[in-house]
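Before any comments, here is the structure.
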Amino acid sequence: MSGPFILHGAVRSSAAWRVRIALELKGVDFREIRRDLHKGEQNAADYRAINPQQLVPTLQCPNGAMLHQSLAIIDYLDETIPAPALLPKNPESRARTRALAQIIACDIHPINNLRVRNHVRDLLPDDADAMGKWMNKWSAAGFDAIETMLAASPDRGVFAHGDAPGYFECFLVPQVGNARSMGRDISGYALINGIADACAPLPAFQRADPARFGRG
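Per my numbering: the sequence shown = residues 1 to 216.
See below:
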């Protein structure tokens, strides 16, 4: 095949959202095929043939390659489209940036995504607050660590690394955006909120924002 990248995603999926941001920061030509996760469209046979996990995102490359998992996709984009770089050059700074991103991608998000929340709800049908308590516990654990690490980082400027957004911001903005949309109180995280707010007016983040695409 030839042509633009195709992102198989979903409007409010934070994993798809973070890949949209990375594509926009890189200035990549892409189009998105969006699945409604609440309707289970990710479980359709045609998508299962693309992604055996039946999760979003999947990035379909111009050469036909199908890439899965947002961390792997964003690393691929940074390796194959070097400028602008999302990760810093210094090895220690790269490690710090990746660690911050992985708290979101590996610790907060996997146990708070839709299928896990639905399972918690089904396990505890008599506790209307179970899902909220579950999400708050693990989100707070991750955000507490991120805020502390940002405060101690020698790299921090306006953003997590200096004065330009990059790798970490691809992960942070969706996590903050979804927390705010769900009404969770994250006002105590001054550095996290400051970075997210600094990203908000930037064109790449505006183009990637789910608010542009309506519900789904």
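Built from N, CA and C at the ideal position, the CB exists for glycine as well.
Return the CA-CA distance between residue i and residue j, expressed in angstroms with no decimal places.
i           : j           : result
residue 65  : residue 59  : 8 Å
residue 37  : residue 10  : 7 Å
residue 134 : residue 113 : 11 Å
residue 52  : residue 96  : 32 Å
residue 204 : residue 194 : 17 Å
residue 192 : residue 172 : 8 Å
residue 200 : residue 17  : 14 Å
residue 207 : residue 180 : 19 Å
residue 12  : residue 41  : 14 Å
residue 170 : residue 22  : 6 Å
residue 137 : residue 110 : 13 Å
residue 105 : residue 98  : 10 Å
residue 19  : residue 92  : 24 Å
Starting from residue i, trace the alpha helix (DSSP H) both ways and give me its first and last residue.
i           : result
residue 12  : Neither: residue 12 is in no alpha helix (DSSP H) and is coded neither H nor E.
residue 191 : 190 to 199
residue 46  : 45 to 48
residue 158 : Looking at the DSSP string, residue 158 is not in any alpha helix (DSSP H), and its letter there is neither H nor E.
residue 171 : 167 to 181
residue 102 : 91 to 102
residue 206 : 203 to 208
For residue i, list the residues DSSP reports as bridge partners.
i          : result
residue 32 : 7
residue 60 : 6, 66
Measure the CB-CB distance between residue i and residue j and report whether it falls below 8 Å.
i           : j           : result
residue 167 : residue 74  : yes
residue 103 : residue 139 : no
residue 78  : residue 85  : yes
residue 33  : residue 8   : yes
residue 150 : residue 141 : no
residue 14  : residue 175 : yes
residue 4   : residue 62  : yes
Closer than 7 Å: is that where the CB of residue i sits relative to any heavy atom of the ligand SAM?
i           : result
residue 113 : Questions concerning the ligand SAM fall outside what the structure shown contains, since it holds no ligand whatsoever.
Self-check item: beta strand (DSSP E) runs wholly inside the stretch 114 to 153, at least 3 long, in chain order
Solution: Here no run is fully enclosed.
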